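Engineer: Structure in structure tokens, see below.
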Amino acid sequence: MGKSSQIKVKRLVRSFQTAVILVCALVVYGQGCAEGGFYPQGSADIASTLNASCKDPNEIEVIPGAKTASLAGANQIVHHFAACTGLESISGSTKAVYEEKSPSMSTYGAVNTVTGPYLMSVHSVAGEVCNDVIDQEIARGTRLFAGWNLSSSSLPSQSQLANAALNFSLSCWKDYELSNEERDIVVDAVVSSVNSNEVDASRKAAVIICTSMLASLNALLN
Numbered sequence: 032m033g034k035s036s037q038i039k040v041k042r043l044v045r046s047f048q049t050a051v052i053l054v055c056a057l058v059v060y061g062q063g064c065a066e067g068g069f070y071p072q073g074s075a076d077i078a079s080t081l082n083a084s085c086k087d088p089n090e091i092e093v094i095p096g097a098k099t100a101s102l103a104g105a106n107q108i109v110h111h112f113a114a115c116t117g118l119e120s121i122s123g124s125t126k127a128v129y130e131e132k133s134p135s136m137s138t139y140g141a142v143n144t145v146t147g148p149y150l151m152s153v154h155s156v157a158g159e160v161c162n163d164v165i166d167q168e169i170a171r172g173t174r175l176f177a178g179w180n181l182s183s184s185s186l187p188s189q190s191q192l193a194n195a196a197l198n199f200s201l202s203c204w205k206d207y208e209l210s211n212e213e214r215d216i217v218v219d220a221v222v223s224s225v226n227s228n229e230v231d232a233s234r235k236a237a238v239i240i241c242t243s244m245l246a247s248l249n250a251l252l253n
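Residues 32 to 253 in the working numbering are what the sequence shown lists, from first letter to last.
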């Protein structure tokens, strides 16, 4: 065999050996997905491609210097609402709705586990908590609904509606102030849903404002 032929054979053998080592490494190290996987020298592009393809699609990317957002989870949602509204006593009705809806809620509130059923369940629980808050303010005097007669069948003025929405944002929206646009959306929702002199108009307006504010993502942030 000539010298040039020997060189070609050696190159082929080395290429084959490299390929075998790479395949073995991928198998041993979980197809390249395991931390600390083996990659031949000079194969940075291969390593990068394999790592990208093995990344968990549900993994939350951690950005250095930035806070990772999370929402109130099933284990804390009622306490979360009670704490920000000053509610001291949870009714049996609220507890029953929570028990019914909690299986649809994210356990720990990771942002990638927030779903439509989670938000609908939160809305249901928030509505019950709001009824408890209203009962407490009727019994002890208004705070979040300052200036309201919550037992009245007359709709509060638009300024009273707006002030109540603002009070909820200050109490329950973490580090976020209610914008004029958001305030108008809440007030319009009440005015379009409750007649000015219908039975329990004031309480119905209070439930709408409280529920819409508590069930918003701003109120759910930890």
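Heads up, the beta-carbon is just placed ideally off N, CA and C, and yes, glycines get one too.
Just so you know, these numbers come straight off a predicted model, no measurement behind them.
Taking 8 Å as the cut-off, decide whether the C-beta atoms of LYS235 and VAL222 are in contact.
Structural biologist: As a first step, residue 235 is located in the sequence shown; it is residue number 204 there, counting from the start. As a first step, residue 222 is located in the sequence shown; it is residue number 191 there, counting from the start. No.
Engineer: Looking only at its chain, what residues have a beta carbon closer than 8 Å to the beta carbon of HIS154, apart from the 5 residues adjacent to it on each side?
Structural biologist: For the purposes of this step, residue 154 is taken as the residue at position 123 of the sequence shown. Cβ within range, chain order: THR242 and ALA246.
Engineer: Under 8 Å by Cβ, that's how I've got LEU102 and GLY147 pegged, so tell me the actual separation to the nearest angstrom.
Structural biologist: One-based indexing of the sequence shown puts residue 102 at position 71. One-based indexing of the sequence shown puts residue 147 at position 116. That belief does not hold up - the Cβ atoms of LEU102 and GLY147 are roughly 14 Å apart, past 8 Å.
Engineer: Once you ignore the five residues that flank SER184 on each side, which residues in its own chain have a CB closer than 8 Å to its CB?
Structural biologist: To locate residue 184, count along the sequence shown from 1; it is residue 153. Taken in chain order, the residues that qualify are ASN228, GLU229, VAL230, ASP231, ALA232 and SER233.
Engineer: Would you kindly work out how many angstroms separate the C-alpha atoms of MET244 and ASN211, rounded to a whole number?
Structural biologist: Here residue 244 corresponds to residue number 213 of the sequence shown, with the count starting at 1. Here residue 211 corresponds to residue number 180 of the sequence shown, with the count starting at 1. One C-alpha to the other measures close to 14 Å.
Engineer: From THR116 to VAL164, what distance separates their C-alpha atoms?
Structural biologist: Numbered from 1 along the sequence shown, position 85 holds the residue referred to as residue 116. Numbered from 1 along the sequence shown, position 133 holds the residue referred to as residue 164. The alpha-carbon atoms of THR116 and VAL164 are separated by roughly 7 Å.
Engineer: Please list, in chain order, all residues of the same chain as SER133 whose beta carbon is under 6 Å from its beta carbon, the five residues on each side excluded.
Structural biologist: Numbered from 1 along the sequence shown, position 102 holds the residue referred to as residue 133. Within the same chain, SER133 has close Cβ partners ALA105.
Engineer: Considering SER233, what are the terminal residues of the alpha helix (DSSP H) in which it resides?
Structural biologist: To locate residue 233, count along the sequence shown from 1; it is residue 202. 232-245 is the span of the alpha helix (DSSP H), which, as asked, contains SER233.
Engineer: Is the separation between the beta-carbon of VAL238 and that of GLY172 shorter than 8 Å?
Structural biologist: In the sequence shown, the residue the question calls residue 238 occupies position 207. In the sequence shown, the residue the question calls residue 172 occupies position 141. No, the Cβ-Cβ distance between VAL238 and GLY172 is not below 8 Å.
Engineer: Which residue wins for smallest C-alpha separation from SER182, given the options SER190, ASN194, ASP166 and LEU175?
Structural biologist: For this step, residue 182 is matched to residue 151 along the sequence shown. For SER182, the nearest C-alpha among the options comes from ASP166.
Engineer: Could you have a look at ALA196 and say whether DSSP puts it in helix, strand or coil?
Structural biologist: Taking the sequence shown and counting its residues from 1, the one referred to as residue 196 is at position 165. Reduced to three states, the DSSP call for ALA196 is helix.
Engineer: For the alpha helix (DSSP H) containing GLN167, name the first residue and the last one.
Structural biologist: Counted from its first residue, the sequence shown places residue 167 at position 136. It spans 147-171 - the alpha helix (DSSP H) in which GLN167 sits, taken as one unbroken run.
Engineer: Which two residues bound the contiguous alpha helix (DSSP H) that contains THR125?
Structural biologist: In the sequence shown, residue 125 corresponds to position 94, counting from 1. Here the alpha helix (DSSP H) through THR125 covers 123-132.
Engineer: If you follow the alpha helix (DSSP H) that ALA114 is part of, which residue opens it and which one closes it?
Structural biologist: In the sequence shown, residue 114 corresponds to position 83, counting from 1. 108-116 is the span of the alpha helix (DSSP H), which, as asked, contains ALA114.
Engineer: Cα separation between SER208 and LEU186?
Structural biologist: Stepping through the sequence shown from its first residue, residue 208 is reached at position 177. Stepping through the sequence shown from its first residue, residue 186 is reached at position 155. Residue 208 is actually Glu in this sequence, not Ser. So the two alpha carbons sit approximately 25 Å from each other.
Engineer: How about LYS205 and LEU252: are their beta carbons less than 8 Å apart?
Structural biologist: In the sequence shown, residue 205 corresponds to position 174, counting from 1. In the sequence shown, residue 252 corresponds to position 221, counting from 1. Against a cut-off of 8 Å, the Cβ pair of LEU252 and LYS205 comes out as a contact.
Engineer: Looking at the strands, I want to know which residues DSSP matches up with ALA220.
Structural biologist: Translated into positions along the sequence shown, residue 220 becomes position 189. Paired residue(s): none; ALA220 is not in a bridge.
Engineer: Quick one: is MET151 buried, meaning 16 or more other Cβ sit within 10 Å of its Cβ, or exposed?
Structural biologist: Looking up residue 151 in the sequence shown gives position 120. Looking at its Cβ environment, which holds fewer than 16 other Cβ atoms inside 10 Å, MET151 is exposed.
Engineer: Return the chain-ordered list of same chain residues with a C-beta closer than 6 Å to the C-beta of ALA193, the five sequence neighbours on each side being excluded.
Structural biologist: Numbered from its first residue, the sequence shown carries residue 193 at position 162. Counting only Cβ-Cβ distances below 6 Å, and skipping sequence neighbours, we find ARG214 and VAL218.
Engineer: What three-state label does DSSP hand LEU252 in the structure shown?
Structural biologist: Here the question's residue 252 lines up with position 221 in the sequence shown. Strand.
Engineer: Return the chain-ordered list of same chain residues with a C-beta closer than 8 Å to the C-beta of TYR149, the five sequence neighbours on each side being excluded.
Structural biologist: For this step, residue 149 is matched to residue 118 along the sequence shown. Around TYR149: SER135, MET136 and SER137.
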